[in-house]
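What follows is a short report on a single structure.
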Amino acid sequence: MALAFDEYGRPFIILREQEKKSRLQGLDAQKANIAAGKSVARILRTSLGPKGMDKMLQSPDGDVTITNDGATILELMDVDNQIAKLMVELSRSQDYDIGDGTTGVVVMAGSLLEQAEKLLERGIHPIRVAEGYEMASRIAVDHLESISTKYEFSATDIEPLVQTCMTTLSSKIVSRCKRALAEIAVKAVLAVADLERKDVNLDLIKVEGKVGGKLEDTELVQGIIVDKDMSHPQMPKRIEDAHIAILTCPFEPPKPKTKHKVDIDTVEKFQTLRGQEQKYFDDMVQKCKDVGATLVICQWGFDDEANHLLMQRDLPAVRWVGGVELELIAIATGGRIVPRFQELSTEKLGKAGLVREKSFGTTKDRMLYIEKCANSKAVTIFIRGGNKMMIEETKRSIHDALCVARNLIINNSIVYGGGSAEISCSIAVEAAADRHPGVEQYAIRAFADALDAIPMALAENSGLPPIDTLTVVKSQHVKENNSRCGIDCNDVGTNDMKEQNVFETLIGKQQQILLATQVVKMILKIDDVITPSEYC
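Counting in the UniProt record's numbering, the sequence shown runs without a single skipped number right up to 536 at its last residue.
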């Protein structure tokens, strides 16, 4: 396979251990790559839209996940093929950038590959196909810009943001509570958003879940929830106007860094050592009391003696609080994290109007609510649900809604959903194909056909006849010159997505088209695949 001869006729090897490698070249390689990409897209196709199906995935150690979030499905699928891994990366980059549309972007890439395969079979060079796709994607992105509408909102008028988040949540398991969850997501984003700079830091929104209760009990807490309780059962469970000392140093005597040994041969010596330890604890607690702290939150644990002393001195404490939670508490209460007792001062204390311990149902599960904080820039969404899988899926759905609200604050342009944007782009790209005289016009037309895959999948998943439904909506687009007509998935009785309140963010839709085109171009340019053979 890879044997060559020099000018004297002596053979030499180009590929080391060639008999252990398998190789695909030319059209075979491209077809194999396209088949791999299509098979991944086919898995996600049934999860698209409000009537999309869910997937159940079991990990090697037996954990079960039920979801219809494209990025999560591909992340957990454990894909082996390199081209299929590209599709996983594609979905992940859409998730990181936009947070929503992870299923649609893979379905679109699969459809583009399918159309490209037909062109390759007709003898068109893959580079010409890739160039045609690039031209078509630019036309589609510009067209999206022209059909988009600005969606004005303010801190008091949040309805536009809520409507867009409801569109995102309508395709999830949680769709029955989409109104309540959308409002929670929007209020959380606006609480941490800087509307002047159009900047949102989602790290300040903590999403916490607890099994039990029902989905409707999900609430937004203007503060922080910590999955801990007071270190001693007799400490007060409710502290008003709390001054919080946030410590990363342990409540225990200092340990020498050198190897040491203490010989105790008399009772007096033991008593002295014990008294010394007691004094250390006394000093630590006293320092906290002196600066005016009424609650201590510590990153490390403390032994029973320190716990007992804190209880006696009427200083409630919480131990083993994680680093991330400590940072959020510090941001919310306006306090400073203190690494040493010597550095503790009144200015470094955090302030909260109310700290309370709440227990759930008949279980012994208790959580700490830190509310009415000095700086309400950190909030918590607290999710309840019947089981762990439900809570995990709700967390993923809330994350999508948070990302959509953030995107709208960054850029408040929207396009209409339900496949209407894709159909409108398809018509525009089809019309533009005639203006390109080269072979690329075939690729541009193929791109227009590929865009129809999204509305087709929506119709199919909703139990409607896909081809009939698409042709009716497309002719309506052309006749009425109305770019708002989409697939009526919920059987409302109108194809106008404005009336149905189905919106998507412009940057999310543009990103979908650009990312899908980039990946397809990369796959089309591969014409030689050398892999280690499995059986050698």
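Just so it is clear, CB atoms sit at the ideal spot from N, CA and C, and this is done for glycine as well.
In the DSSP output, what is residue i paired with across the bridge?
i      : result
Met56  : Ile66
Cys373 : Ala352
Cys298 : Leu247
Thr505 : Ile414
Gln30  : In the DSSP output, where bridge partners are listed per residue, Gln30 has none listed.
Ser22  : Thr531
Thr149 : Ile414
Phe359 : Per the sequence shown, residue 359 should be read as Ser rather than Phe. According to DSSP, Ser359 bridges with Arg366.
Cys485 : Asp496
Pro233 : Paired residue(s): none; Pro233 is not in a bridge.
Quick check: residue i and residue j, are their CB atoms within less than 8 Å of each other?
i      : j      : result
Asp100 : Gly417 : no
Thr167 : Leu408 : no
Pro316 : Thr248 : no
Glu252 : Ala306 : yes
Leu112 : Ala401 : no
Val473 : Ile487 : yes
Val415 : Leu44  : no
Leu524 : Val129 : yes
Val189 : Val200 : yes
Val174 : Gln512 : no
Ser67  : Asp78  : Before going on, a small fix: residue 67 reads as Thr here, not Ser. No.
Ala29  : Ile83  : no
Ile246 : Ala352 : no
Glu117 : Ile34  : yes
Ile264 : Leu220 : no
Val439 : Thr505 : no
Ile224 : Leu328 : yes
Val285 : Gln299 : no
Met497 : Thr65  : no
Ser22  : Thr531 : yes
Glu114 : Lys38  : yes
Leu344 : Val291 : yes
Cys489 : Ser420 : no
For residue i, tell me which candidate among the options has the shortest Cα-Cα distance.
i      : options                           : result
His516 : Leu273, Ile43 and Met108          : In the sequence as displayed, the identity of residue 516 is Ala instead of His. It is Met108.
Ile297 : Ser170, Val226, Phe447 and Gly49  : Val226
Ala450 : Thr469, Pro466, Ala432 and Glu422 : Glu422
Gln510 : Tyr8, Met235, Gly70 and Thr102    : Thr102
Pro527 : Thr346, Leu24 and Glu7            : Looking at the sequence shown, residue 527 is not Pro but Asp. Checked all of Thr346, Leu24 and Glu7; the closest Cα to Asp527 is Leu24.
Val40  : Gly9, Met53, Asp80 and Asp61      : Asp80
Lys31  : Pro126, Asp61 and Asp97           : Pro126
Ala182 : Thr394, Gly438, Ile410 and Gly37  : Thr394
Asp217 : Thr346, Lys287 and Ile391         : Ile391
Ala364 : Asn375, Pro233 and Asp452         : The amino acid occupying residue 364 in the given sequence is Lys; Ala does not appear at that position. For Lys364, the nearest C-alpha among the options comes from Pro233.
Lys287 : Ala180, Phe341 and Ala242         : Phe341
Asn375 : Leu349, Asp142 and Arg176         : Leu349
Gly123 : Glu499, Tyr442 and Ser475         : Tyr442
Arg92  : Ile530, Thr531, Ser59 and Val519  : Val519
Pro437 : Gly132, Leu27, Gly26 and His477   : Gly132
Lys150 : Asp194, Asn412 and Val321         : Asn412
Leu204 : Val267, Ala191, Ala180 and Gly213 : Ala191
Gly213 : Cys403, Gly493, Gly386 and Val529 : Gly386
Glu196 : Leu326, Ile530, Ile410 and Cys489 : Ile410
Lys377 : Leu202, Gln276, Val529 and Glu343 : Leu202
Arg179 : Thr469, Ile398 and Met235         : Ile398
Val529 : Asp6, Gly26 and Arg396            : Gly26
Leu76  : Leu57, Ala431 and Gly419          : Leu57
Arg42  : Leu514, Met456, Glu159 and Thr494 : Met456
Ile147 : Gln271, Lys521 and Phe503         : Phe503
Ile467 : His477, Gln476 and Asp452         : Asp452
Ile158 : Arg406, Met522, Glu499 and Gly493 : Arg406
Would you say residue i lies against chain C (beta-carbon separation less than 8 Å)?
i      : result
Gly132 : The structure shown has no chain C; it contains just one protein chain.
| task | Inspect the CB distances between the stretch 331 to 343 and the stretch 358 to 377 and report whether three or more fall short of 8 Å. | result | yes
| Taking contact to mean at least 3 C-beta pairs separated by less than 8 Å, is the stretch 257 to 268 in contact with the stretch 311 to 325? | no
| Validate contact between the stretch 77 to 88 and the stretch 425 to 436 using beta carbons, cut 8 Å, 3 pairs | no
| said: For the structure I just gave you, are there three or more beta carbon pairs, one from the stretch 207 to 216 and one from the stretch 373 to 388, closer than 8 Å? | reply: yes
| task | Count the C-beta pairs between the stretch 442 to 460 and the stretch 37 to 50 that are closer than 8 Å, then say yes if the count reaches three, no if not. | result | yes
| Pairing CB atoms from the stretch 347 to 357 with CB atoms from the stretch 222 to 242, are three or more of them under 8 Å? | yes
| request: Decide yes or no for the touch test of the stretch 120 to 138 against the stretch 432 to 449: beta carbon pairs closer than 8 Å, at least 3 of them. | output: yes
| query | Does the stretch 475 to 491 come close enough to the stretch 72 to 84 to have 3 or more Cβ pairs within less than 8 Å? | reply | no
| request: Enumerate, from N- to C-terminal direction, the unbroken beta strand (DSSP E) stretches of 3 or more residues contained entirely within the stretch 256 to 313. | output: 295 to 298
| request: Please specify which runs of the alpha helix (DSSP H), each continuous and at least 4 residues long, are wholly inside the stretch 165 to 209, giving them in chain order. | output: The DSSP assignment places complete alpha helix (DSSP H) segments of no fewer than 4 residues inside the stretch 165 to 209 at 178 to 192, in order along the chain.
| request: Kindly provide the ranges of any beta strand (DSSP E) runs that are 3 or more residues long and lie completely inside the stretch 379 to 413, ordered along the chain. | output: 379 to 385
| query | Of all the alpha helix (DSSP H) runs that stay within the bounds of the stretch 317 to 349, which reach a length of 4 or more residues? | reply | Taking 4 residues as the minimum length, the alpha helix (DSSP H) runs contained wholly in the stretch 317 to 349 are 323 to 333, in order along the chain.
| said: Which runs of the beta strand (DSSP E) at least 3 residues long sit entirely within the stretch 409 to 481? Give them in chain order. | reply: 413 to 416
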